[in-house]
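Residue numbers (this note's numbering): 1 to 444.
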């Protein structure tokens with residue numbers, strides 16, 4: 001079925017003839033193939049004969065004389081700065097060399113990061129490099145899509161709109177949880193058991209709120225550090241991005257809206273986050289703080305008015321071993337009770353009476369060891385060569401390396417000999433909270 005359409009037009013050509021006919025071949029690019037139709041200008045009307053309109057959608061056609069059809073190989077402008085960005089850029093660059101999926105790959109980075117990993121990689125691979133901010137005019141008709149990975153700048157709508165397919169972003173969390181600058185750190189700080197990668201469309205004026213193009217979930221182990229998780233997610237993000245590029249434009253154009261339910265915000269991290277609050281933090285919270293920040297900011301505390309950094313922090317699991325041993329002893333004791341009650345029925349009552357008085361004594365001793373001492377109390381473990389620091393939950397964290405302000409990093413043995421032993425009163429051998437006003441911003 002065909003349709004005849006008459007559209008009013010303005011003056012198209014100057015001509016001495018009062019009436020003329022101009023035959024124009026319009027080529028419509030359809031997903032099913034190329035279909036030519038005729039167009040006739042006559043006086044003030046443009047007459048078109050079109051194929052069945054039901055076969056045409058917004059994403060299906062373009063004017064070949066002006067625009068490239070939205071199909072592979074793609075022309076990509078990549079925005080990034082750091083090591084997380086480089087992993088994605090590396091995979092895109094490798095695919096670009098084949099010219100099968102990507103026909104053009106150029107890079108945008110910030111001038112503030114002249115020695116950034118992305119700038120170095122772009123120069124090494126001889127990729128065209130643009131410095132932020134970029135002019136929208138250089139984007140229009142030159143690229144199909146913008147790809148953003150750990151860029152750190154809010155991109156204005158005039159840049160986003162300059163790309164026919166808009167822009168997509170690789171984000172290190174399962175959105176809407178942990179929108180913002182530091183999703184990996186906050187996931188570990190909060191003790192999350194799972195995180196992942198979200199690839200989303202970029203929307204103007206807001207970070208991390210666009211439609212979800214792809215998501216991939218990853219577990220977080222109890223001992224993962226932010227650095228380790230960062231490396232793992234960078235790899236996953238690059239692979240997921242390449243999968244999206246293979247599936248364009250469908251995956252971008254059909255991306256569902258991001259839900260608002262469950263949204264949390266991951267604020268940018270600075271050194272103030274590394275302060276230990278001994279009065280409120282459990283042993284697991286202190287350990288999670290170290291896992292999240294220790295690769296950048298060592299945890300900060302205070303010893304007799306002097307600032308101290310704690311390195312290589314682990315959880316003290318010895319109380320678990322003692323509890324298990326205690327329960328094993330109790331089970332063995334109950335077994336012995338059963339055996340002896342069978343053999344000596346006449347003395348069973350007196351034996352059980354003795355057993356009942358013995359078992360609680362052992363359990364109480366273990367419980368007392370766990371809960372005794374003020375938060376921040378420090379003892380030296382000679383056998384394991386670590387310092388043991390009591391937390392508010394009665395459990396402890398262990399630390400093997402310490403830096404006292406003004407001195408080099410030292411072992412727990414040296415800290416014990418030089419500082420712990422010099423405090424005569426054992427109850428005063430404590431770390432206390434460091435006041436923020438005495439803290440200078442330092443990185444490890």
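Note that CB positions come from ideal geometry on N, CA and C, so glycine has one too.
Proximity test, residue i beta-carbon vs the ligand ATP heavy atom, cut-off 8 Å
i	result
residue 389	The ligand ATP is absent from the structure shown, which contains no ligand whatsoever.
For residue j and residue i, the rounded distance between their alpha carbons
i	j	result
residue 445	residue 309	Not covered by the structure: residue 445. The range shown for the chain is 1 to 444.
residue 313	residue 289	10 Å
residue 436	residue 140	49 Å
residue 36	residue 170	Residue confidence is low: residue 36 scores 42 on pLDDT, short of 50, so the model does not pin down where it sits. No coordinate-derived value is stated.
residue 257	residue 211	4 Å
residue 146	residue 194	29 Å
residue 271	residue 129	33 Å
residue 209	residue 262	13 Å
residue 120	residue 174	30 Å
residue 430	residue 276	13 Å
residue 155	residue 205	8 Å
residue 101	residue 237	18 Å
residue 89	residue 151	12 Å
residue 250	residue 168	13 Å
residue 428	residue 264	40 Å
residue 172	residue 166	20 Å
residue 379	residue 311	16 Å
residue 269	residue 228	17 Å
residue 91	residue 274	34 Å
residue 413	residue 407	15 Å
residue 248	residue 99	16 Å
residue 246	residue 213	13 Å
residue 291	residue 233	16 Å
residue 393	residue 317	14 Å
residue 115	residue 295	20 Å
residue 124	residue 254	36 Å
residue 231	residue 192	17 Å
residue 207	residue 159	15 Å
residue 391	residue 164	56 Å
residue 107	residue 304	51 Å
residue 374	residue 203	50 Å
residue 73	residue 143	11 Å
residue 222	residue 235	20 Å
residue 425	residue 302	17 Å
Contact belief for residue i with residue j at Cβ below 8 Å, rounded distance in angstroms
i	j	result
residue 434	residue 293	Wrong, their Cβ atoms sit about 14 Å apart, outside the cutoff.
residue 306	residue 157	That pair is no contact at about 52 Å.
residue 127	residue 93	7 Å
residue 389	residue 415	Contact doesn't hold; Cβ gap of about 11 Å is too wide.
residue 149	residue 84	7 Å
residue 176	residue 260	6 Å
Whether residue i touches residue j by CB criterion (9 Å)
i	j	result
residue 153	residue 132	yes
residue 252	residue 226	no
residue 110	residue 122	no
residue 432	residue 278	yes
residue 505	residue 118	Only positions 1 to 444 of the chain appear in the structure, and residue 505 is not among them; the question remains open.
residue 385	residue 411	yes
residue 315	residue 297	no
residue 137	residue 188	no
residue 104	residue 96	yes
residue 376	residue 266	no
residue 420	residue 409	no
Residues bridged to residue i [DSSP beta-bridge criterion]
i	result
residue 379	388
residue 301	308
residue 288	DSSP output for residue 288 lists no bridge partner at all.
residue 131	109
residue 398	314 and 388
residue 104	75
residue 411	401
residue 215	198
residue 179	265
Does the region 71–90 come within contact of the region 199–218, defined as at least 3 CB pairs closer than 8 Å?
Not touching, per the Cβ criterion.
Counting pairs of beta carbons, one from the region 395–403 and one from the region 277–291, are three or more of them closer than 8 Å?
As far as the Cβ criterion goes, the region 395–403 touches the region 277–291, which means the pair count is three or higher.
Can at least three beta-carbon pairs, one atom from the region 194–207 and one from the region 226–244, be found at a separation below 8 Å?
Note that the region 194–207 touches the region 226–244; at least 3 beta-carbon pairs, one per stretch, sit closer than 8 Å.
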